[in-house]
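Protein chains: 2
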Amino acid sequence: MSSKKKSALKQSEGVSNPEITNQESISNFKSKRGKNLNSDTLVSELLNGNITHLSRAITLIESTNPEHTQQANAILKKCLPHANTSIRIGITGVPGVGKSTFIEAFGKLLTAQGKRVAVLAIDPSSSLTKGSILGDKTRMEDLVKDKNAYIRPSASGSSLGGVARKTRESIILCEAAGFDVIIIETVGVGQSETAVHSMVDFFLLLKLAGAGDELQGIKRGIIEMADAIVINKADGENKKAAKLAKVEFERALHLYPKKDSDWIPKVSLCSALKNDGIDAIWKLISDYITLTKSNNHFINKRNEQNKFWLIQTIENRLKSDFFNQPKTKAALEEQLQLIEKNKTTPFAAAEYVLSLNKSF
Amino acid sequence: MSSKKKSALKQSEGVSNPEITNQESISNFKSKRGKNLNSDTLVSELLNGNITHLSRAITLIESTNPEHTQQANAILKKCLPHANTSIRIGITGVPGVGKSTFIEAFGKLLTAQGKRVAVLAIDPSSSLTKGSILGDKTRMEDLVKDKNAYIRPSASGSSLGGVARKTRESIILCEAAGFDVIIIETVGVGQSETAVHSMVDFFLLLKLAGAGDELQGIKRGIIEMADAIVINKADGENKKAAKLAKVEFERALHLYPKKDSDWIPKVSLCSALKNDGIDAIWKLISDYITLTKSNNHFINKRNEQNKFWLIQTIENRLKSDFFNQPKTKAALEEQLQLIEKNKTTPFAAAEYVLSLNKSF
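Respectively, the protein sequence lines represent chains A and B.
Numbered per UniProt numbering, the first sequence spans residues 1 to 360.
Numbered per UniProt numbering, the second sequence spans residues 1 to 360.
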């Protein structure tokens with residue numbers, strides 16, 4: 001580790017800059033920085049709402065260095081009694097729908113009310129695309145300067161499970177640091193909406209009005225997850241199309257079975273750019289929170305989410321431990337070919353592959 | 001084993017009669033019968049289309065006796081080169097929708113064309129309800145007498161996975177016995193539609209017209225799986241409502257993304273009781289088969305299904321081996337309580353539970 005890696009210049013770039021591709025130098029740097037931190041100081045500063053220390057704690061969570069992971073776990077444990085206090089909102093939408101503009105307008109509305117707002121992201125593709133969401137903080141230039149706002153780009157990582165875990169633990173830290181509203185943004189790559197949906201209280205789908213057939217091309221299951229569909233850019237010439245889209249989405253939502261929350265999903269129009277209709281969306285979310293806190297859905301859902309992540313984490317590990325074994329891979333390949341040739345059944349093949357690994 | 005249990009009377013009741021609850025006597029009986037069978041004879045008779053021997057082979061598949069399982073696997077292996085020749089059709093619908101009447105009318109249409117039709121069922125609840133579907137063969141009294149038809153009630157079993165496996169293996173035997181069309185009926189308990197969908201070429205949802213709002217109450221995901229929605233009992237006074245329902249379903253189907261098969265799901269009306277519109281449904285299925293065989297979706301889907309069952313069987317076993325351990329159960333219980341009390345995170349809890357079982 002050269003002294004160059006500890007220079008102020010390197011530090012200002014940090015891990016959140018997706019342009020850095022020299023992973024080794026990053027982890028060397030982080031490893032060095034981690035050692036300089038005292039967990040107790042970090043936690044007490046974090047609990048006082050110190051954003052620099054919050055960022056450092058999140059960096060520890062994101063680190064792949066086992067020593068950092070241990071430190072991160074100790075910090076998490078100390079933060080847990082102070083967590084679970086915020087409203088967690090998931091926001092998804094395709095690129096170009098105006099997520100950043102929406103989050104900026106929405107975040108400013110909340111900070112103007114004295115609320116503290118943290119914005120996190122889940123983007124498992126960010127290591128490939130060099131941070132397609134939140135990577136460029138200039139897209140939220142007002143919010144980024146706001147002392148009551150905290151914006152953190154997506155953790156990088158090749159697996160959605162890993163990224164989701166880091167984000168979920170970051171939520172706990174943000175809550176302990178006194179943030180009232182946590183926004184989790186996702187661009188909807190792979191199963192990332194499902195991951196976000198499983199860690200938020202309220203799930204918002206951002207859409208644009210097009211030329212009819214609004215629902216074509218929406219990924220399966222997304223509409224079912226939405227507590228609200230917000231049609232953005234409903235201004236000027238777009239307004240008429242947006243109103244038509246609203247009717248179509250309302251009809252589509254109507255087709256789904258009633259939600260456990262007793263909440264009837266809403267469709268709302270807004271223009272984030274013109275700051276129009278944003279307050280109505282906060283009102284809608286507040287109504288949802290009031291309803292679900294009164295009927296206990298709020299707490300039940302959080303408990304269910306915790307259980308989901310517990311079981312999910314265990315199952316994923318069991319599967320990866322098994323399927324990543326070279327002998328499993330080879331046997332699967334071979335058995336699949338035998339199945340295609342009508343020489344064995346999937347069940348007999350499964351028995352065979354499992355029998356090879358009895359001792360793993 | 002008393003001689004009484006071997007009497008002709010007992011034999012005529014057999015395992016397919018759901019009234020028998022003395023499981024021990026049944027398995028004693030089956031065990032005795034199994035030993036009398038010679039696998040080679042059984043297979044050659046089965047390949048000649050002998051229904052009695054087909055039934056015996058399916059009984060071996062359904063048996064929990066390890067000796068029978070071994071024999072069943074040997075039979076399956078010999079049948080495999082003769083399998084994969086049929087058209088597999090899944091039919092689901094709530095009780096009262098007229099599944100039996102529909103299958104009877106549909107089956108008779110096919111046998112009249114000289115086709116051989118086998119009807120199997122997946123009903124994981126059958127051990128509780130004593131066979132709610134196909135248990136009472138008198139509901140298909142014409143088809144049951146038809147020499148070109150074979151009707152087999154659902155295997156019993158507490159787990160859907162187990163029942164699905166038995167049904168899937170029975171399909172292979174039916175195909176080897178020369179059946180051209182295999183119908184898999186399910187009543188839609190739990191995840192049984194998904195299981196059926198994963199073993200058929202064509203998935204048909206049977207519905208009734210109601211008083212508007214046809215889609216309310218349909219289980220999530222079912223519409224997406226359907227290759228056709230057939231509205232039954234479209235006769236007399238129901239006809240108008242059925243036509244309205246058809247429009248609503250067509251609109252709903254239109255909302256979903258295009259299928260990999262390039263097939264656009266169809267909505268059809270019929271009256272199984274009056275034998276009206278049944279031929280159009282067979283025409284529709286034939287069109288689907290022609291399309292998907294020409295674009296290779298047919299074979300690709302079967303290969304995907306085989307892979308699905310292979311991976312699914314392995315994963316289920318990994319999970320059940322892990323979660324059924326008493327120490328896992330106790331640790332999960334304890335960790336869930338710690339999570340609810342904000343004393344640990346789902347991820348830390350997962351690590352802990354996994355670490356307990358490193359040696360399993």
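No residue lacks a Cβ here, since even glycine has one placed at the ideal position from N, Cα and C.
Which parts of the region 153 to 226 of chain A are runs of the beta strand (DSSP E), unbroken and 3 residues or longer, counting only runs that do not cross its ends?
Segments of the beta strand (DSSP E) lying fully in the region 153 to 226 of chain A: 181 to 186 and 202 to 208.
Along the region 300 to 327 of chain B, where does the CB come closer than 7 Å to a CB of chain A? Name the residues.
Correct list: Asn303, Asn306, Lys307, Trp309, Leu310, Thr313, Ile314, Glu315, Arg317, Leu318, Lys319 and Phe322.
At a cut of 8 Å, does the region 275 to 295 of chain A reach the region 244 to 260 of chain A through at least three beta carbon pairs?
At 8 Å Cβ cutoff, the stretches do not touch.
Please decide whether Val144/B counts as near chain A, where near means a Cβ-Cβ distance under 8 Å.
Closer than 8 Å: no.
On the DSSP bridge assignment, give the partners of Ala118/A in chain order.
Looking at the DSSP assignment, Ala118/A forms a beta bridge with Tyr150/A and Ile182/A.
Please give the ranges of any alpha helix (DSSP H) in the region 321 to 347 of chain A, keeping only runs that are unbroken, at least 4 residues long and fully inside the region.
Within the region 321 to 347 of chain A, the complete alpha helix (DSSP H) runs of at least 4 residues are 326 to 340.
Ignoring anything shorter than 3 residues, give me the beta strand (DSSP E) runs that lie fully in the region 243 to 305 of chain B, in order along the chain.
Here the runs fully enclosed are 266 to 269.
Do Ile122/B and Val181/B come within 8 Å of each other at the CB atom, strictly closer than that value?
Not a contact, by the Cβ cut-off of 8 Å.
Taking just the CA atoms, how far does Leu354/B sit from Pro326/B?
Their Cα atoms are separated by approximately 13 Å.
Return the CA-CA distance between Glu169/B and Ile61/B, expressed in angstroms with no decimal places.
Cα-Cα distance, rounded: 7 Å.
Should Gly212/A be flagged as near chain B, meaning a C-beta pair shorter than 8 Å?
Reliability fails at Gly212/A, whose pLDDT of 48 lies under 50, so the model's placement of it is uncertain and the value that follows must be treated cautiously. No, no contact with chain B.
How would you list, in chain order, the residues of chain B whose beta-carbon sits under 7 Å from the beta-carbon of Val353/A?
Correct list: Ile314.
Out of curiosity, what's the CA-to-CA distance linking Glu104/A and Leu253/B?
Each residue's Cα considered, the two are about 37 Å apart.
Does the count of Cβ pairs from the region 310 to 320 of chain A and the region 307 to 326 of chain B closer than 8 Å reach three?
The region 310 to 320 of chain A is in contact with the region 307 to 326 of chain B.
Buried or exposed for Ser271/B, going by 16 or more other Cβ atoms inside 10 Å?
It is buried - the Cβ of Ser271/B has at least 16 other Cβ atoms within 10 Å.
What is the DSSP secondary structure of Thr85/A, counted as helix, strand or coil?
It is coil, neither helix nor strand.
Scan the region 168 to 195 of chain B for residues whose Cβ lies nearer than 8 Å to a Cβ of chain A and list them as they occur along the chain.
Answer in chain order: Arg168, Glu169 and Ile172.
With distances taken between CB atoms, is the gap from Asn232/A to Leu255/A smaller than 8 Å?
Going by C-beta atoms, Asn232/A is not nearer than 8 Å to Leu255/A.
Less than 8 Å between the beta carbons of Lys115/A and Leu143/A, yes or no?
For Lys115/A and Leu143/A, no; Cβs fall outside 8 Å.
Within 10 angstroms of the Cβ of Asn306/B, are there 16 or more other Cβ atoms? Answer buried if so, exposed if not.
Under this definition Asn306/B is a buried residue.
Can you tell me whether Asp90/B is helix, strand or coil according to DSSP?
Contrary to the premise, residue 90/B reads as Gly rather than Asp in this sequence. Gly90/B: strand per DSSP, three-state reduction.
Can you pull the DSSP bridge partners for Ala228/B?
Leu204/B and Lys266/B, per the DSSP bridge assignment.
So for Val97/A, helix, strand or coil by DSSP?
Correct three-state label for Val97/A: coil.
Hey, how far is the Cα of Asp227/B from the Cα of Leu160/B?
Straight-line Cα distance between these residues: approximately 23 Å.
For Asn50/B, collect the residues of the same chain with a Cβ closer than 8 Å to its Cβ; drop the 5 residues on either side in sequence, then sort them by chain order.
The answer, listed in chain order, is Ala177.
Quick check: Ala72/B and Leu310/A, are their CB atoms within less than 8 Å of each other?
Against a cut-off of 8 Å, the Cβ pair of Leu310/A and Ala72/B comes out as no contact.
Rounded C-beta distance between Ile184/B and Leu120/B? I'm assuming under 8 Å.
Confirmed, about 5 Å.
Could you list which residues in chain A have their beta carbon closer than 8 Å to that of Gln335/B, in chain order?
Leu310, listed in chain order.
Got a sec, what are the start and stop residues for the alpha helix (DSSP H) Asp142/A sits in?
Where Asp142/A is concerned, the enclosing alpha helix (DSSP H) stretches over Glu141 to Lys145.
Less than 6 Å between C-beta atoms, sequence neighbours within five positions excluded: which residues of the same chain meet that for Val196/B?
Same-chain partners within the cutoff: Gly90, Ile122, Ile184 and Thr186.
I'd like the list of long-range same chain contacts for Ser198/A, defined as Cβ closer than 6 Å, with 5 residues on each side in sequence excluded.
These residues qualify, in order along the chain: Gln305 and Phe308.
Spell out whether any CB of chain B is found under 8 Å from the CB atom of Arg88/A.
So, not an interface residue.
Can you pull the chain A residues whose beta carbon is under 9 Å from the beta carbon of Glu237/B, in chain order?
Those do not exist, as Glu237/B stays about 26 Å from chain A at its closest Cβ, beyond 9 Å.
Counting pairs of beta carbons, one from the region 325 to 341 of chain A and one from the region 332 to 350 of chain B, are three or more of them closer than 8 Å?
No, the region 325 to 341 of chain A does not touch the region 332 to 350 of chain B.
Grouping DSSP H, G and I as helix and E and B as strand, with all else coil, what is Glu19/A?
For Glu19/A, the predicted model reports a pLDDT of 43, less than 50, meaning its position is unreliable and no value from the coordinates is stated.
Any idea what DSSP makes of Asn48/A, helix, strand or coil?
Three-state result, Asn48/A: coil.
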